[in-house]
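Enquirer: Chains as they are written, first to last, in my numbering: chain V, 1 to 99; chain B, 100 to 601.
Got a structure for you, written out below as structure tokens; questions coming shortly.
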Amino acid sequence: MLLNQFLLLAAALFAIGVYGVLARRNGVLVLMSIELILNAVNINLVAFSAVRETVDGEIFALFIIAVAAAEVGVGLAMVLLLYRNRRSIDLTEIDLLRG
Amino acid sequence: MSVELLTLAFERPPIDWHAFAPEITLLSVGALITLVDIVFLEKARPYTAALAGLGVLATLIPILTLALDGADRTMFGGAYVVDDFALVTKAIFLLSGYVVILLSTNYVAEGDYWENEYYGLLLASLMGMVMMASSRDLISIFVALELLSIPAYLMVAWRKSDLRSNESGLKYYLMGVFASAVMLYGMSLLFGVAGSTQLTHIAEALNGAGSSVSVITMGIVFIVAGFAFKVSAAPFHTWAPDVYVGAPTPVTAFLAVASKAAGFVALLQLVYVGFYMRPEVFEPLIWILAAVSMTVGNLIALRQTNLVRLMAYSGVAQTGFIIAPLAVAGHSGAIGDQALSATLTYLAVYAAMNLGAFAVIITLARRSGSAEIESFAGAFHYAPAMTVAMTIFFGSLAGIPPLGGWFAKFEVFRVLATAGEPWGYALAVVAAVNTVIALYYYAAVLLKMWAEDAPEGDHLPVPFTPSLTSALAICGGVTLLFGVVPQVVARFTHVSLLALGS
Numbered sequence: 001m002l003l004n005q006f007l008l009l010a011a012a013l014f015a016i017g018v019y020g021v022l023a024r025r026n027g028v029l030v031l032m033s034i035e036l037i038l039n040a041v042n043i044n045l046v047a048f049s050a051v052r053e054t055v056d057g058e059i060f061a062l063f064i065i066a067v068a069a070a071e072v073g074v075g076l077a078m079v080l081l082l083y084r085n086r087r088s089i090d091l092t093e094i095d096l097l098r099g
Numbered sequence: 100m101s102v103e104l105l106t107l108a109f110e111r112p113p114i115d116w117h118a119f120a121p122e123i124t125l126l127s128v129g130a131l132i133t134l135v136d137i138v139f140l141e142k143a144r145p146y147t148a149a150l151a152g153l154g155v156l157a158t159l160i161p162i163l164t165l166a167l168d169g170a171d172r173t174m175f176g177g178a179y180v181v182d183d184f185a186l187v188t189k190a191i192f193l194l195s196g197y198v199v200i201l202l203s204t205n206y207v208a209e210g211d212y213w214e215n216e217y218y219g220l221l222l223a224s225l226m227g228m229v230m231m232a233s234s235r236d237l238i239s240i241f242v243a244l245e246l247l248s249i250p251a252y253l254m255v256a257w258r259k260s261d262l263r264s265n266e267s268g269l270k271y272y273l274m275g276v277f278a279s280a281v282m283l284y285g286m287s288l289l290f291g292v293a294g295s296t297q298l299t300h301i302a303e304a305l306n307g308a309g310s311s312v313s314v315i316t317m318g319i320v321f322i323v324a325g326f327a328f329k330v331s332a333a334p335f336h337t338w339a340p341d342v343y344v345g346a347p348t349p350v351t352a353f354l355a356v357a358s359k360a361a362g363f364v365a366l367l368q369l370v371y372v373g374f375y376m377r378p379e380v381f382e383p384l385i386w387i388l389a390a391v392s393m394t395v396g397n398l399i400a401l402r403q404t405n406l407v408r409l410m411a412y413s414g415v416a417q418t419g420f421i422i423a424p425l426a427v428a429g430h431s432g433a434i435g436d437q438a439l440s441a442t443l444t445y446l447a448v449y450a451a452m453n454l455g456a457f458a459v460i461i462t463l464a465r466r467s468g469s470a471e472i473e474s475f476a477g478a479f480h481y482a483p484a485m486t487v488a489m490t491i492f493f494g495s496l497a498g499i500p501p502l503g504g505w506f507a508k509f510e511v512f513r514v515l516a517t518a519g520e521p522w523g524y525a526l527a528v529v530a531a532v533n534t535v536i537a538l539y540y541y542a543a544v545l546l547k548m549w550a551e552d553a554p555e556g557d558h559l560p561v562p563f564t565p566s567l568t569s570a571l572a573i574c575g576g577v578t579l580l581f582g583v584v585p586q587v588v589a590r591f592t593h594v595s596l597l598a599l600g601s
């Protein structure tokens, strides 16, 4: 089976996601980058699961999808709260706390 | 046809209700609080905190009966285990949760926050921690981690109109989610090696697999890095000071103690049940995390002017001490067991002394409304009891005998030395140097409280509240107990996770 191709795809997605989290300034885009990492994980799990002929990986992936939905719900609420109070979701502008 | 097949194929796994009794109790109390709020509306508000507190204490009853029963209970084919380790850590979580509820009572009621939702989320987060103590499977560890984290993100941003609280909430959320995504990537790699999500199966696969060393190493590194965020170990600690300052102070206490302890518990389970046969991978990793956390945390703490921020950096340094024994855990089975009980002892003492220090900060900050160290000057003149309490907690954090923190530090040093490895001795030296540095900034705060005069000669007494006083009494009692009669208390932390042996 073509396991390596799936793993490479997942690794590329993971790297893009990490880059996005570190480099993006927009709050929503950072959230999307985190979703990319989670999808890389899901691809890994499903590919390994198919090779290993178990369903554990697919079940894990389902759990990740469900929990990620809850997480993004909280994250969007938080970004919305920030937008209401500051009229901007630029992450480099939130720097009240430092020292 | 297909329905028949499904009913044939599905067999309900046997469920041990006694083993689940703590979780069920906690869940019922959470539901009850929501229900009471819906039915009685405003009339129920004054009783919510008491109800939540009683619920947490009630959850300790099934834990006690399970401990008296003594048998290890395994469910879902080994994914969920109730053993001595799980019971001890659950008790630590619940007691610190109870103290956090005591700390929150006045703060949340006076700050005009959403009370019911606050306690509901606190209980949900506690539920995640209680689950974490029993999780021996990647899936249940992940679900427990998210269950304890997501309510915590919301609680940090609880002051909705305060920009600082918003900012710290978003920072904590982004850091936390990023860390758990990285951790998941590591978990997916280990799943690929083992073909199973269970830690015991992963341990067997790690022991056998010779060819895929790089994949195993990457998996373990990502997972440990993910949890290093959660426990705020340097260099993954950068979120902690900002989040601690921006969050409501009781929530800060909750993050600094309970949430951090949950990260340690997960790390302990992963290391002891999962990675134990790969000491060459996890030991150097833990060594670096421990040494860097102690040094960086203490050096930055030296120049802090805000007491909460100082507590954040002191927490980073304490993290280094807590994980230090794990750096030699793989030496032999006996050392591994000692390292586990040293870590658990430190965790229990840390919970008591840190919550106590936060209780004093919350009490004194109620009067001045500021957490700057300057505003604590001369506290002895208007709040002598608080000053004595702060001396006990800070003395314990610094490791002065005969307080609890001294015994915890002693245990850490003992494990590092008995392993007899050069890197164990090296870490002990780093820890010893750091103990001296830490003494300096703890003593500087205490000196200000005892010796200087209050700003503007303000000698109004501190308002007395029963809940804060009982929180102080619990924390002070535990801190002193660990220091004065360590043998008695340390019996509880003598547990083993090494089912496979070494």
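C-beta atoms are modelled at their ideal positions from N, C-alpha and C, and glycine is treated no differently.
Is the Cβ of residue 283 of chain B closer than 7 Å to any Cβ of chain V?
Expert: So yes, residue 283 of chain B belongs to the interface.
Enquirer: Who pairs with residue 234 of chain B in a beta bridge, going by DSSP?
Expert: Per DSSP, B:179.
Enquirer: With DSSP as the reference, please indicate the residues paired to residue 586 of chain B in a beta bridge.
Expert: Paired residues: none, contrary to the question.
Enquirer: State the Cα-Cα distance for the pair residue 299 of chain B and residue 378 of chain B, rounded to the nearest angstrom.
Expert: Their backbone Cα atoms lie some 16 Å apart in a straight line.
Enquirer: I'd like the span of the alpha helix (DSSP H) that includes residue 174 of chain B, first residue to last.
Expert: Not the alpha helix (DSSP H): residue 174 of chain B falls in the beta strand (DSSP E), residues 172-174.
Enquirer: Interface residues of chain V around residue 602 of chain B at Cβ under 7 Å?
Expert: Shown here, chain B extends from 100 to 601; a query on residue 602 of chain B therefore has no answer.
Enquirer: Give every residue of the same chain whose Cβ lies closer than 6 Å to the Cβ of residue 399 of chain B, excluding the five residues on either side of it in the sequence, and list them in chain order.
Expert: Around residue 399 of chain B: 412.
Enquirer: Output yes or no for whether 7 Å exceeds the beta carbon distance between residue 414 of chain B and residue 470 of chain B.
Expert: Contact flag unset, no.
Enquirer: Does residue 311 of chain B come within less than 7 Å of chain V when only Cβ atoms are used?
Expert: No, residue 311 of chain B does not count as interfacial toward chain V.
Enquirer: From what residue to what residue does the alpha helix (DSSP H) around residue 393 of chain B run?
Expert: Counting along the chain, the alpha helix (DSSP H) containing residue 393 of chain B begins and ends at 378-400.
Enquirer: Indicate whether the contact test is met: 3 or more Cβ pairs, each with one atom in the segment 505-520 of chain B and one in the segment 579-586 of chain B, closer than 8 Å.
Expert: With a cut-off of 8 Å, the segment 579-586 of chain B and the segment 505-520 of chain B count as touching, because enough Cβ pairs lie within range.
Enquirer: Taking CB distances under 7 Å as the criterion, tell me whether residue 294 of chain B reaches chain V.
Expert: Output row for residue 294 of chain B: interface = yes.
Enquirer: Pull up the CB-CB distance for residue 515 of chain B and residue 368 of chain B, whole angstroms please, since I reckon it's below 8 Å.
Expert: Not a contact, Cβ separation roughly 22 Å.
Enquirer: How would you list, in chain order, the residues of chain V whose beta-carbon sits under 9 Å from the beta-carbon of residue 290 of chain B?
Expert: Residues of chain V passing the Cβ test: 44, 45, 48, 49, 52, 56, 57 and 60.
Enquirer: Is there a C-beta anywhere in chain B that falls below 7 Å from the one on residue 74 of chain V?
Expert: Closer than 7 Å to some Cβ of chain B, the Cβ of residue 74 of chain V qualifies, so yes.
Enquirer: Mind checking which residues open and close the alpha helix (DSSP H) that includes residue 338 of chain B?
Expert: Unbroken alpha helix (DSSP H) run through residue 338 of chain B: 338-345.
Enquirer: Could you give the DSSP three-state label for residue 297 of chain B: helix, strand or coil?
Expert: Strand at residue 297 of chain B.
Enquirer: With three or more beta-carbon pairs closer than 8 Å as the criterion, would you say the segment 256-266 of chain B touches the segment 342-349 of chain B?
Expert: Counting Cβ pairs under 8 Å, three or more are found: they touch.
Enquirer: Leaving out the 5 sequence neighbours to the left and right, which residues in its chain are closer than 7 Å to residue 306 of chain B when beta-carbon positions are compared?
Expert: Correct list, in chain order: 376.
Enquirer: Whole angstroms is fine: what's the gap from residue 234 of chain B's alpha carbon to residue 482 of chain B's?
Expert: So the two alpha carbons sit approximately 44 Å from each other.
Enquirer: Does the beta-carbon of residue 571 of chain B have 16 or more other beta-carbons within 10 angstroms, so that it is buried, or is it exposed?
Expert: Residue 571 of chain B should be labelled buried.
Enquirer: Can you grab the Cα-Cα spacing for the pair residue 100 of chain B / residue 109 of chain B, in whole Å?
Expert: With a pLDDT of only 47 at residue 100 of chain B, under 50, the local geometry of the prediction cannot be trusted, and the value read off the model is given with reservation. When rounded, the distance between both Cα atoms is 14 Å.
Enquirer: Alpha carbon to alpha carbon, how far is residue 74 of chain V from residue 599 of chain B? Give it in angstroms, no decimals.
Expert: Here residue 599 of chain B scores only 43 on pLDDT, less than 50, and its place in the model is too uncertain to base an answer on.
Enquirer: Report the three-state DSSP secondary structure of residue 436 of chain B (helix, strand or coil).
Expert: Of the three classes helix, strand and coil, the one that applies to residue 436 of chain B here is helix, per DSSP.
Enquirer: Strictly below 8 Å CB to CB, what residues from chain V border residue 263 of chain B?
Expert: The answer, in chain order, is 96 and 97.
Enquirer: Along chain B, in chain order, which residues have C-beta atoms closer than 8 Å to that of residue 38 of chain V?
Expert: Correct list: 280 and 283.
Enquirer: Between residue 465 of chain B and residue 559 of chain B, how many whole angstroms is the CB-CB distance? I'm expecting something under 8 Å.
Expert: Between residue 559 of chain B and residue 465 of chain B the Cβ distance is about 12 Å, and since that is not below 8 Å, they are no contact.
Enquirer: By the three-class DSSP mapping on this structure, what secondary structure does residue 90 of chain V have?
Expert: Looking at residue 90 of chain V - three-state DSSP - the assignment turns out to be strand.
Enquirer: State the start and end residues of the unbroken alpha helix (DSSP H) segment that holds residue 155 of chain B.
Expert: 144-168 is the span of the alpha helix (DSSP H), which, as asked, contains residue 155 of chain B.
Enquirer: Does DSSP put residue 471 of chain B in a helix, a strand or coil?
Expert: Strand.
Enquirer: Report yes or no: do the segment 518-532 of chain B and the segment 451-466 of chain B share at least 3 C-beta pairs separated by less than 8 Å?
Expert: No: fewer than three Cβ pairs fall under 8 Å.
Enquirer: Along chain V, in chain order, which residues have C-beta atoms closer than 7 Å to that of residue 259 of chain B?
Expert: The contacting residues are 81.
Enquirer: If we cut at 7 Å on Cβ distances, does residue 85 of chain V have a partner in chain B?
Expert: True, the Cβ-Cβ gap to chain B drops below 7 Å.
Enquirer: Quick one, which of B:383, B:509, B:436 and B:421 has its alpha-carbon nearest residue 522 of chain B's?
Expert: Cα-wise, what sits closest to residue 522 of chain B is B:383.
Enquirer: Residues in the same chain with beta-carbon distance under 7 Å from residue 526 of chain B, minus the five sequence neighbours each way, listed in chain order, please.
Expert: Cβ neighbours of residue 526 of chain B beyond the five flanking positions: 386, 389, 390, 423, 426 and 515.
Enquirer: Just to confirm my understanding: we take residue 27 of chain V, look at its own chain, exclude 5 residues before and 5 after, and list those with CB closer than 6 Å. What are they?
Expert: Correct list, in chain order: 79, 89 and 91.
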